[in-house]
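Reviewing the structure listed below.
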Amino acid sequence: MPKKIIAIGDSFLAGSELRDPKTTWPALFAKHHGLDYQCLAQPGHTSQYVLRTLFESLQQETESCFYVLHWPSAMRFEYVDRQRDTWVQINPNAILHGNSESDTVKKCYYTYVNSLLGDKWHNLLMIYSALTTLKHTKHQFAMTVVDDFLFETDFHNPDYVTFLQDQCRPCIHWFDGQTFADWAKRNDFPHGAHGHPLEAAHQAAFKYFSTVY
């Protein structure tokens with residue numbers, strides 16, 4: 079039996095726009111089962127962040143835990159700033175909205191490097207890495223995604239992508255076959271000004287998740 083639930087992801091698990099960040103659906107699940115809860119999610123972050131944070135957590139946890147991993151937008155990316163030796167996140171929303179994040183590196187990445195095939199490949203690789211690692215530990219886990227296009231097969235599906243899809247798909251938790259965000263919209267749950275599902279959606283997601291786990 080796990081002693082703690084650990085959530086890693088982006089704003090959907092961090093509780094952005096909720097009155098109380100501790101009322102996300104994983105937090106409600108932990109409270110319902112009398113388990114400790116640790117949220118390592120950070121708004122706006124990337125799949126690279128999720129994977130790094132998972133590996134760091136696995137190094138620290140000595141007792142069995144239940145990990146909830148929410149894989150963020152596949153278009154987000156991180157690179158290492160060699161001058162500071164730190165990870166720097168780049169986000170397409172910054173460029174679309176023309177804010178201060180739109181520097182030369184980021185514009186170059188989204189203009190010349192980023193692609194849907196690349197997004198599929200890199201993000202599925204990270205999910206697969208987390209999946210194969212967790213299967214060799216004592217920990218339990220559940221995974222959700224923001225982008226269901228990672229598992230679409232009508233485009234950008236060479237055999238190496240299909241292999242990863244087949245390996246990862248059975249371990250992704252869906253809400254009535256949808257992502258949490260899409261499910262919340264289709265069920266007309268209230269959303270915040272920045273598009274995040276609010277308390278009612280998280281309460282319903284907790285109940286839905288509880289029927290499966």
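Residue 79 is where the sequence shown starts when you use the working numbering, and the numbers rise one by one after that.
Quick reminder that beta carbons are idealized off the backbone N, C-alpha and C, glycines included.
Whole angstroms are fine: how far does the CA of residue j sit from the CA of residue i?
i: residue 244; j: residue 141; result: 30 Å
i: residue 196; j: residue 203; result: 11 Å
i: residue 133; j: residue 209; result: 11 Å
i: residue 109; j: residue 230; result: 35 Å
i: residue 96; j: residue 111; result: 22 Å
i: residue 87; j: residue 125; result: 8 Å
i: residue 160; j: residue 166; result: 10 Å
Could you work out which residue in the options is closest to residue i when comparing CA atoms only?
i: residue 214; options: 105, 235 and 136; result: 136
i: residue 104; options: 221, 207 and 274; result: 221
i: residue 257; options: 169, 90 and 233; result: 90
i: residue 246; options: 280, 211, 161 and 285; result: 211
i: residue 127; options: 201, 98 and 266; result: 201
i: residue 82; options: 263, 150, 101 and 114; result: 114
i: residue 130; options: 144, 289 and 149; result: 149
Taking all protein chains shown into account, decide if residue i is buried (16 or more other Cβ within 10 angstroms of its Cβ) or exposed.
i: residue 79; result: exposed
i: residue 236; result: exposed
i: residue 93; result: buried
i: residue 190; result: exposed
i: residue 271; result: exposed
With DSSP as the reference, please indicate the residues paired to residue i in a beta bridge.
i: residue 220; result: 146
i: residue 103; result: DSSP lists no partner for residue 103.
i: residue 164; result: 159
i: residue 205; result: Answer by DSSP bridge pairing: none, since residue 205 is not bridged.
i: residue 114; result: 82
i: residue 253; result: 256
i: residue 269; result: 275
Starting from the C-beta of residue i, find all residues in its chain whose C-beta is less than 8 Å away, skip the five residues before and the five after it, and write them out in chain order.
i: residue 168; result: 154, 155, 156, 157, 179, 183, 184, 187 and 188
With a threshold of 7 Å between beta carbons, is residue i in contact with chain C?
i: residue 87; result: No chain C is part of this structure, which consists of one protein chain only.
Might you give, ordered along the chain, the residues of its own chain that have their beta carbon closer than 6 Å to the beta carbon of residue i, omitting 5 neighbours on each side?
i: residue 99; result: 93
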